[in-house]
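> This is the structure I want to talk about, given as structure tokens.
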Amino acid sequence: NAGVTQTPKFQVLKTGQSMTLQCAQDMNHEYMSWYRQDPGMGLRLIHYSVGAGITDQGEVPNGYNVSRSTTEDFPLRLLSAAPSQTSVYFCASTKGRTQYFGPGTRLLVL
Amino acid sequence: AQKVTQAQTEISVVEKEDVTLDCVYETRDTTYYLFWYKQPPSGELVFLIRRNSFDEQNEISGRYSWNFQKSTSSFNFTITASQVVDSAVYFCALSEAGDDKIIFGKGTRLHILP
């Protein structure tokens, strides 16, 4: 039981490049979410999903896309990276009102 | 709309002192859930506690205790006899019963000085 896994752990992008942050969980949780963490800002919700095929926007969705084709996977896509997207990204899955977080992906956009 | 305020951005105390981290929340729901998470320097997020709005009993777990007061919309966290290993960023969070989203406060960075 690996819990919530995220890849990559660290990524450097150039402005305008695209990439996908991967997130997977093996706990069969329906609810999954993506947060970004910036200094002094806490954790802000980007997108979330209440189950396969269903996604919705959080507080800061602009510049990010998500999809949920399976219960296990919830990838986050940056279509055209911007320096403002430099952050640490956390994926989480939720069961019984408790969130289980992945280890995070540190993203640097130059 | 739900909101969580952690007014203390950063706190420093000397080891073995007690320290309280404040959390004030706003919600229109009568049923909601409150959380505390710890983020040590290694960066992972560690779940500490979940409380539902119908349970106002204080909780104690070792050196950690939580004081939930609906009258003041507060859910404060106290560390007794602090240790250097308690140094971390602590987040308070809120989830309303009708919504699966969990909203976090901005966090309090706690420094325990040896």
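Each protein sequence line maps, in turn, to chains L and Z. For the first sequence, this note's numbering assigns the number 1 to the initial residue and increments by one for each residue that follows. For the second sequence, this note's numbering assigns the number 111 to the initial residue and increments by one for each residue that follows. Glycine included, each C-beta is placed from N, C-alpha and C at the ideal position.
Which residue wins for smallest C-alpha separation from Y174 of chain Z, given the options Z:Q167, Z:I213, Z:I212 and Z:D128?
To locate residue 174 of chain Z, count along the second sequence from 1; it is residue 64. Closest option to Y174 of chain Z, Cα to Cα, is Z:D128.
> If we define contact as Cβ-Cβ less than 9 Å, is Y89 of chain L a contact residue for chain Z?
Start at 1 with the first residue of the first sequence, and residue 89 of chain L comes out as number 89. Answer no: the Cβ-Cβ gap between Y89 of chain L and chain Z never drops below 9 Å.
> Taking 6 Å as the limit between beta carbons, can you name the residues of its chain near E245 of chain Z, skipping five residues before and five after?
No statement about residue 245 of chain Z is possible, as the shown extent of chain Z runs from 111 to 224 and does not include it.
> So with CB distances below 7 Å, who are the chain Z contacts of F74 of chain L?
Counting from one through the first sequence, the residue named residue 74 of chain L turns up at place 74. The contacting residues do not exist; F74 of chain L stays about 14 Å from chain Z at best.
> I'd like to know whether the C-beta of Y122 of chain L is nearer than 9 Å to at least one C-beta of chain Z.
Since the displayed chain L opens at 1 and closes at 110, residue 122 of chain L lies outside it and no answer follows.
> Of all the alpha helix (DSSP H) runs that stay within the bounds of the stretch 122-176 of chain Z, which reach a length of 4 or more residues?
Correct list: empty.
> Suppose contacts are defined by Cβ-Cβ distances below 9 Å. Is L78 of chain L in contact with M19 of chain L by that definition?
In the first sequence, residue 78 of chain L corresponds to position 78, counting from 1. In the first sequence, residue 19 of chain L corresponds to position 19, counting from 1. Yes, the pair counts as a contact, with Cβ atoms nearer than the cut-off.
> Run through the stretch 78-107 of chain L for me and flag every whole beta strand (DSSP E) of 3 or more residues, listed as ranges in chain order.
Runs found: 87-95 and 98-101.
> Using the DSSP secondary-structure output, state which residues sit across from D56 of chain L in a beta bridge.
To locate residue 56 of chain L, count along the first sequence from 1; it is residue 56. Beta-bridge pairing links D56 of chain L to L:Y48.
> Could you tell me whether the stretch 52-62 of chain L touches the stretch 163-180 of chain Z, using the rule of 3 or more Cβ pairs below 8 Å?
No contact exists between the stretch 52-62 of chain L and the stretch 163-180 of chain Z.
> Since F90 of chain L contacts Y48 of chain L with CB under 8 Å, what's their CB separation in whole angstroms?
Translated into the one-based positions of the first sequence, residue 90 of chain L becomes position 90. Translated into the one-based positions of the first sequence, residue 48 of chain L becomes position 48. No, F90 of chain L and Y48 of chain L are not in contact; Cβ-Cβ is about 12 Å, not under 8 Å.
> Spell out whether any CB of chain Z is found under 9 Å from the CB atom of R44 of chain L.
As a first step, residue 44 of chain L must be located in the first sequence, where it is residue number 44. Chain Z contact via Cβ: present.
> Figure out for me which residue from Z:T140, Z:V123 and Z:V195 has the closest Cα to the Cα of S181 of chain Z.
The sequence position of residue 181 of chain Z within the second sequence is 71, counting from 1. Residue Z:T140 is the option with its Cα nearest to S181 of chain Z.
> Output needed in chain order: residues of the stretch 139-152 of chain Z with a Cβ under 7 Å from some Cβ in chain L.
Residues Y143.
> In terms of alpha-carbon separation, which member of L:S87, L:P83, L:R44 and L:G40 lies closest to K9 of chain L?
As a working mapping, residue 9 of chain L is identified with position 9 in the first sequence. For the residues L:S87, L:P83, L:R44 and L:G40, the minimum Cα distance to K9 of chain L belongs to L:S87.
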